[in-house]
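Worksheet: one structure, shown below.
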Amino acid sequence: MAATTTTTRTLRPVLVGVVVAAAAICCGVAFGPASRIGPGAALVEVVDRIPGVALDSGLSPSQAATVWDLRLSRTILGLLVGWMLASAGAAYQGVFRNPLADPYLLGVAAGAGFGATLVIVQGRVGADPSVMVPAAAFGGAMLAVFVTYLVGAAGDRRRTPASLLLAGVAVSSLFTALQTFVQQRHASDIRLVYSWILGRLSTAGWGEVAMLLPYVALSSGVLLLYGRTLDVMSVGDDEASSLGLDVNRARFVIVLAASLGTAGAVGVGGLIGFVGIIVPHVVRLLGAGSYRVILPVSMLTGGAFLVLADLVARTALAPAEIPIGVVTAFCGAPFFVFLLRRRSVGVAT
Amino acid sequence: MIRVEGVSVDVDGTRLLHDVDLHVATGEWVCVLGPNGAGKSTLVRALAGFGGRGAHGGRILLDGADAAGLRGRERARRLAVVPQTPVIPAGMGVTDYLLLGRTPYVPRFGVERATDHAAVAEVIARLDLGDLADRRLDSLSGGERQRVVLGRALVQDTPVLVLDEPTSALDIGHQQEVLDLVDELRAERGLTVLSTMHDLTLAGQYADRLVVLAAGRVVADGPAAAVLAPDLLKATFGVNVRVIADPDGLSVLPVRAPRPQPRP
């Protein structure tokens with residue numbers, strides 16, 4: 000009986016998350032700056048592409064291509080990036096037992112920013128920037144996390160969350176300084192660098208989705224497997240190890256998986272802030288206590304949140320686009336204040 | 000059941016335990032006493048297997064097996080710890096918290112099975128936690144919380160229970176309640192108990208044997224009648240006491256040192 004309740008308790012919020020994500024995808028596809036495509040027709044067009052379904056959306060071939068190759072691909076990309084950032088944020092918060100942890104904590108953002116800036120200012124090299132920038136951002140992000148782990152694990156004492164966090168702060172500062180230095184040396188590219196840093200999901204086709212999908216799949220798979228482990232870690236390192244958990248190894252695997260996915264997401268989406276902090280907390284505020292619920296629901300609602308944020312970003316001032324990081328921060332900052340003012344935040348500190 | 004042989008622990012270059020020998024027989028309750036900084040918590044940490052890894056000499060045998068050679072899960076099936084100040088995860092429910100005690104039995108990426116839920120249900124019934132089972136941990140009182148933490152250790156279903164200052168956060172009534180409970184469980188389940196304690200009287204009343212640590216060394220080991228002596232306590236704790244024997248056991252009563260009389 001108890002076992003069934005556990006399953007129901009996990010299943011119901013996940014189903015709600017699936018519905019929310021599906022609704023967000025529908026919105027993402029239905030609305031866009033191309034006003035001559037009706038919302039209904041756009042949805043019919045997508046459904047028509049499902050094998051075995053034959054519907055007539057009444058759209059011209061070029062409109063159909065707009066819906067499929069621009070709107071849907073961008074919507075799916077938003078879903079993946081939000082999915083990844085939110086679940087990585089939840090994992091970081093769990094691993095460090097710190098409610099203010101986000102996926103950029105160990106230097107992912109600063110490292111990615113440095114990598115991307117390097118490539119952007121070298122833009123004349125001629126390589127395809129839509130491939131090179133994500134690759135460099137990814138590389139920079141992983142390098143920063145690697146250095147953080149190396150520094151945080153130094154010394155004769157065991158790796159504590161605090162020493163890793165401090166190392167993350169130091170490494171972030173270092174990479175930010177390097178990034179700023181490179182950027183200042185190439186002042187003409189500041190606008191490009193800035194637009195990358197503020198985050199954007201502009202795509203042309205499915206290339207970015209294909210690029211990101213393997214990382215998200217791998218990272219999410221590992222994180223979902225470690226849901227119970229994250230629950231055990233919530234009693235602190237000492238007690239978790241007295242329960243038989245190899246805490247340092249678990250933390251390493253979880254941080255590695257979360258950072259890998261985050262690096263991928265940052266590579267294609269830029270430094271989109273707040274998703275990784277807010278979404279897991281909203282999920283907790285709605286009553287989820289176990290990471291076996293928090294993780295999957297954060298993935299789904301994080302994806303949905305970013306799809307909707309991107310919808311605002313590309314339609315509010317159409318044809319101009321607002322950087323998506325501005326939209327998420329605009330929603331996120333007030334929420335953050337609200338969170339800080341609450342006396343009990345749903346993560347042990 | 001527990002055999003500590005010549006264990007020394009260094010932390011950051013300071014020797015906190017010197018060549019400690021300690022033995023707890025199966026079913027016995029041994030209480031470790033000592034002033035602050037004597038090494039009680041260090042001893043508990045060494046037994047629990049966290050902290051100071053590689054920093055100690057000597058060895059710890061749990062039921063005949065060298066603890067250093069045990070994997071975390073195997074050790075956690077033999078020895079459960081009730082920490083002095085448990086970390087209480089905000090927002091977690093009591094039942095979910097108790098289920099964490101099944102960690103050494105749940106497959107690494109698996110879920111709790113019927114036996115795990117049954118073990119939790121049994122402990123809930125035994126410790127009268129039924130009314131608390133659906134509550135959140137952060138809504139519990141200190142006494143309720145201590146029972147739940149003890150419950151998690153029992154759910155671990157180990158032959159050895161290590162209690163680090165189990166009563167330090169409790170009022171006098173709850174202190175007695177928790178210690179009575181531990182003693183009953185010891186009899187029912189044949190548990191071997193090692194605890195640290197500050198209250199000398201309670202230690203003498205509940206433990207079969209008392210071990211006194213001072214500056215990281217064992218300075219006394221024996222039954223309460225032998226260990227709770229004013230001279231020994233004066234030497235280790237620097238305290239003036241009167242030990243009162245009555246049919247219920249020994250009471251250790253701190254008394255104020257005689258003051259020098261002011262000159263007329």
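Chains as they are written, first to last, in numbering that gives the first Met the number 0: chain D, 0 to 348; chain W, 0 to 263.
Yeah, the Cβ is synthetic: ideal placement off N, Cα and C, and Gly gets one too.
Keep in mind the model is a prediction, meaning the values are calculated, not measured.
**Asked** Any residues in the region 231-246 of chain D with a beta carbon nearer than 7 Å to a beta carbon of chain W? Which ones, in chain order?
**Response** Val231, Ser233, Val234, Gly235, Asp237, Glu238, Ser240, Ser241, Leu242, Gly243, Leu244, Asp245
**Item:** Assigned exposure category for glycine 345 of chain D - 16 Cβ within 10 Å defines buried
**Value:** Position 346 of the first sequence, counting from 1, holds the residue named residue 345 of chain D. With a pLDDT of 46 at glycine 345 of chain D, under the threshold of 50, the modelled position of this residue cannot be trusted; read the value that follows with caution. Buried is the call here.
**Request:** Rounded to whole angstroms, what's the CA-CA distance from aspartate 198 of chain W to alanine 45 of chain W? Just pull it up for me.
**Result:** Here residue 198 of chain W is taken as the residue at index 199 of the second sequence, counted from 1. Here residue 45 of chain W is taken as the residue at index 46 of the second sequence, counted from 1. Looking at the two C-alpha atoms, the distance is approximately 23 Å.
**Message:** Helix, strand or coil for valine 150 of chain D? Go by DSSP, reduced to three states.
**Reply:** Start at 1 with the first residue of the first sequence, and residue 150 of chain D comes out as number 151. Residue state, collapsed to three classes: helix.
**Request:** Since I believe glycine 275 of chain D is in contact with alanine 23 of chain D (beta carbons under 8 Å), could you give me their beta-carbon distance rounded to a whole number of angstroms?
**Result:** Within the first sequence, numbered from 1, the residue matching residue 23 of chain D stands at position 24. Within the first sequence, numbered from 1, the residue matching residue 275 of chain D stands at position 276. Going by Cβ atoms, the distance from alanine 23 of chain D to glycine 275 of chain D rounds to 18 Å, so no, they are not a contact pair.
**Request:** Examine chain D for any beta-carbon lying closer than 8 Å to the beta-carbon of arginine 74 of chain W, and answer yes or no.
**Result:** Here residue 74 of chain W corresponds to residue number 75 of the second sequence, with the count starting at 1. Yes, because at least one Cβ of chain D sits closer than 8 Å to the Cβ of arginine 74 of chain W.
**Request:** Could you tell me which residues DSSP pairs with serine 349 of chain D in its beta bridges?
**Result:** Past the edges of chain D, shown from 0 to 348, lies residue 349 of chain D, and the structure says nothing about it.
**Prompt:** How many whole angstroms separate the CB atoms of valine 325 of chain D and leucine 197 of chain D, which I take to be in contact at a CB cut-off of 8 Å?
**Reply:** Residue mapping note: residue 325 of chain D aligns to position 326 of the first sequence, counting from 1. Residue mapping note: residue 197 of chain D aligns to position 198 of the first sequence, counting from 1. Right, the Cβ-Cβ distance comes to about 6 Å (below 8 Å), so this counts as a contact.
**Request:** Answer with buried or exposed for valine 18 of chain D, where buried requires no fewer than 16 other C-beta atoms within 10 angstroms of its C-beta.
**Result:** Locating residue 18 of chain D in the first sequence gives position 19, where the first residue counts as 1. With fewer than 16 other Cβ atoms within 10 Å, it is exposed.
**Request:** Please decide whether methionine 91 of chain W counts as near chain D, where near means a Cβ-Cβ distance under 8 Å.
**Result:** Stepping through the second sequence from its first residue, residue 91 of chain W is reached at position 92. Yes, methionine 91 of chain W lies at the interface with chain D (some Cβ there is under 8 Å from its Cβ).
**Request:** Give me the Cα-Cα distance between leucine 78 of chain D and leucine 126 of chain W, rounded to the nearest whole angstrom.
**Result:** As a working mapping, residue 78 of chain D is identified with position 79 in the first sequence. As a working mapping, residue 126 of chain W is identified with position 127 in the second sequence. Near 47 Å, if we compare the C-alpha coordinates of leucine 126 of chain W and leucine 78 of chain D.
**Prompt:** DSSP puts proline 253 of chain W in a beta bridge; with which residues?
**Reply:** Residue numbering aside, residue 253 of chain W sits at position 254 when the second sequence is read from its first letter. Bridge partners of proline 253 of chain W: W:Val240.
**Request:** Please go through the same chain and pick out, in chain order, the residues whose beta-carbon is closer than 6 Å to the beta-carbon of valine 146 of chain D, but skip the five residues on each side of it.
**Result:** As a first step, residue 146 of chain D must be located in the first sequence, where it is residue number 147. Val170, listed in sequence order.
**Request:** Report back the beta-carbon spacing between glycine 266 of chain D and alanine 111 of chain D to the nearest angstrom; my notes put them in contact at under 8 Å.
**Result:** By 1-based counting over the first sequence, the position of residue 266 of chain D is 267. By 1-based counting over the first sequence, the position of residue 111 of chain D is 112. Confirmed, about 7 Å.
**Prompt:** So which residues of chain W does arginine 283 of chain D contact, with C-beta pairs closer than 9 Å?
**Reply:** Here residue 283 of chain D is taken as the residue at index 284 of the first sequence, counted from 1. Correct list: Gly90.
**Asked** Does any C-beta atom of chain D lie closer than 8 Å to the C-beta of valine 86 of chain W?
**Response** Taking the second sequence and counting its residues from 1, the one referred to as residue 86 of chain W is at position 87. Judged by the 8 Å Cβ criterion, valine 86 of chain W is in contact with chain D.
**Request:** Could you name the residues that DSSP lists as bridge partners for serine 194 of chain W?
**Result:** Mapped onto the second sequence, residue 194 of chain W falls at position 195. DSSP lists W:Cys30, W:Leu162 as partners of serine 194 of chain W.
**Message:** Please report the distance separating the alpha-carbon of glutamate 4 of chain W from that of isoleucine 59 of chain W.
**Reply:** As a working note, residue 4 of chain W is residue 5 in the second sequence. As a working note, residue 59 of chain W is residue 60 in the second sequence. Rounded to whole angstroms, glutamate 4 of chain W to isoleucine 59 of chain W spans 6 Å at the Cα level.
**Prompt:** Shortest alpha-carbon distance to leucine 252 of chain W belongs to which of W:Pro246, W:Pro259, W:Pro263, W:Asn239?
**Reply:** The residue you call residue 252 of chain W lines up with position 253 of the second sequence. Answer by Cα proximity: W:Asn239.
**Request:** For isoleucine 323 of chain D, count neighbouring C-beta atoms within 10 Å of its own C-beta (all shown protein chains included) and say buried if the count is 16 or more, exposed if not.
**Result:** Position 324 of the first sequence holds residue 323 of chain D. Burial call: buried.
**Message:** I'd like the span of the alpha helix (DSSP H) that includes alanine 79 of chain W, first residue to last.
**Reply:** Looking up residue 79 of chain W in the second sequence gives position 80. Element bounds for alanine 79 of chain W: not the alpha helix (DSSP H) but the beta strand (DSSP E), 78-81.
**Prompt:** Under the three-state reduction of DSSP, which class applies to glycine 301 of chain D: helix, strand or coil?
**Reply:** As a working mapping, residue 301 of chain D is identified with position 302 in the first sequence. Helix.
**Item:** Simplified DSSP state of aspartate 188 of chain D, which is helix, strand or coil
**Value:** Reading the first sequence from its first residue, position 189 is the one you call residue 188 of chain D. DSSP places aspartate 188 of chain D in helix when its eight states are reduced to three.
**Prompt:** Using a Cβ cut-off of 7 Å, which residues of the region 271-304 of chain D contact any Cβ in chain W, in chain order?
**Reply:** Arg283, Gly288, Ser289
**Asked** Taking glycine 142 of chain W as the reference, which of W:Leu178, W:Leu249, W:Pro158 has the closest Cα?
**Response** Here residue 142 of chain W refers to the residue found at position 143 when the second sequence is read from its first residue. For glycine 142 of chain W, the nearest C-alpha among the options comes from W:Leu178.
**Request:** Return helix, strand or coil for serine 56 of chain D, following the three-state DSSP convention.
**Result:** Reading the first sequence from its first residue, position 57 is the one you call residue 56 of chain D. Residue state, collapsed to three classes: coil.
**Message:** Rounding to the nearest angstrom, what Cα-Cα distance links arginine 184 of chain D and threonine 74 of chain D in this structure?
**Reply:** Counted from its first residue, the first sequence places residue 184 of chain D at position 185. Counted from its first residue, the first sequence places residue 74 of chain D at position 75. Going by the C-alpha atoms only, they are around 36 Å apart.
**Message:** List, from N- to C-terminal side, the alpha helix (DSSP H) runs of 4 residues or more that fit wholly inside the region 196-225 of chain D.
**Reply:** 206-224
**Asked** So the alpha helix (DSSP H) arginine 262 of chain W belongs to, where does it begin and stop?
**Response** Within the second sequence, residue 262 of chain W is the residue found at index 263, counting from 1. Counting along the chain, arginine 262 of chain W falls outside any alpha helix (DSSP H), and DSSP gives it neither H nor E.
**Message:** Under 8 Å, Cβ to Cβ, is there at least one residue of chain D near threonine 102 of chain W?
**Reply:** In the second sequence, the residue the question calls residue 102 of chain W occupies position 103. Answer yes: the Cβ-Cβ gap between threonine 102 of chain W and chain D drops below 8 Å somewhere.
**Cβ neighbour criterion (16 or more within 10 Å) applied to phenylalanine 337 of chain D** = In the first sequence, the residue the question calls residue 337 of chain D occupies position 338. Result: exposed.
**Message:** I need the straight-line Cα distance from alanine 186 of chain D to arginine 313 of chain D, nearest angstrom please.
**Reply:** Numbered from its first residue, the first sequence carries residue 186 of chain D at position 187. Numbered from its first residue, the first sequence carries residue 313 of chain D at position 314. So the alpha carbons of these two residues sit roughly 27 Å apart.
**Message:** Just to confirm the assignment, what range does the alpha helix (DSSP H) spanning glutamate 4 of chain W have?
**Reply:** In the second sequence, the residue the question calls residue 4 of chain W occupies position 5. Glutamate 4 of chain W -> not in any alpha helix (DSSP H); beta strand (DSSP E) instead, spanning 1-10.
**Message:** Closest to leucine 191 of chain D by C-alpha separation, out of D:Ala216, D:Thr116, D:Trp205, would be which residue?
**Reply:** Your numbering for residue 191 of chain D matches position 192 in the first sequence. The candidate whose alpha carbon is nearest that of leucine 191 of chain D is D:Thr116.
**Asked** Would you call valine 254 of chain D buried or exposed, if buried means 16 or more other Cβ atoms sit within 10 Å of its Cβ?
**Response** One-based indexing of the first sequence puts residue 254 of chain D at position 255. Buried.
**Prompt:** Would you call serine 61 of chain D buried or exposed, if buried means 16 or more other Cβ atoms sit within 10 Å of its Cβ?
**Reply:** Within the first sequence, numbered from 1, the residue matching residue 61 of chain D stands at position 62. By the 10 Å Cβ count, serine 61 of chain D comes out exposed.
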